[in-house]
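Have a look at the structure below before the remarks.
Residue numbers (this note's numbering): 97 to 216.
Have a look at this one:
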């Protein structure tokens, strides 16, 4: 399978025993959304936790914290991370219930809280 440049890393996560494992990706190209990448958006804060944990685990990183839920017109819809570090990988997880067209934003420094990495 060939991945688009907007897809960074894949994570495999089994949410409930007996279910088919879910495959998650994090988008790393500025402006990318789940819709623009042809992917299904994460549907809840609990699934956001699972998606970020799966991608972090696939990279051998522990992650940190639980997703917070909000309704913000100026942030990406669905699941995204606002923080990235070499130690924990993706953290500062959010699940935005607002329907927006905002996508991934990587234009700030690596450790800036203004970055937004969208998970699908």
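Even for Gly, the Cβ is constructed at its ideal location relative to N, Cα and C. On a predicted model such as this, the values are computed, not experimentally measured, just so you know.
As assigned by DSSP and simplified to three states, the class of residue i
| i | result |
| --- | --- |
| residue 121 | strand |
| residue 200 | coil |
| residue 216 | coil |
Residue span of the beta strand (DSSP E) that contains residue i, given as start and end
| i | result |
| --- | --- |
| residue 142 | Counting along the chain, residue 142 falls outside any beta strand (DSSP E), though it belongs to the alpha helix (DSSP H) covering 141-154. |
Check whether residue i and residue j have beta carbons under 7 angstroms apart
| i | j | result |
| --- | --- | --- |
| residue 128 | residue 199 | yes |
| residue 161 | residue 152 | no |
| residue 214 | residue 172 | yes |
Alpha carbon of residue i to alpha carbon of residue j, nearest angstrom
| i | j | result |
| --- | --- | --- |
| residue 120 | residue 170 | 24 angstroms |
| residue 197 | residue 122 | 17 angstroms |
| residue 201 | residue 216 | 15 angstroms |
| residue 194 | residue 154 | 29 angstroms |
### Query
For the 8 angstroms Cβ check, are there 3 or more pairs between the stretch 187-196 and the stretch 140-154?
A contact between stretches requires three or more CB pairs, one per stretch, nearer than 8 angstroms, and the stretch 187-196 meets this requirement with the stretch 140-154.
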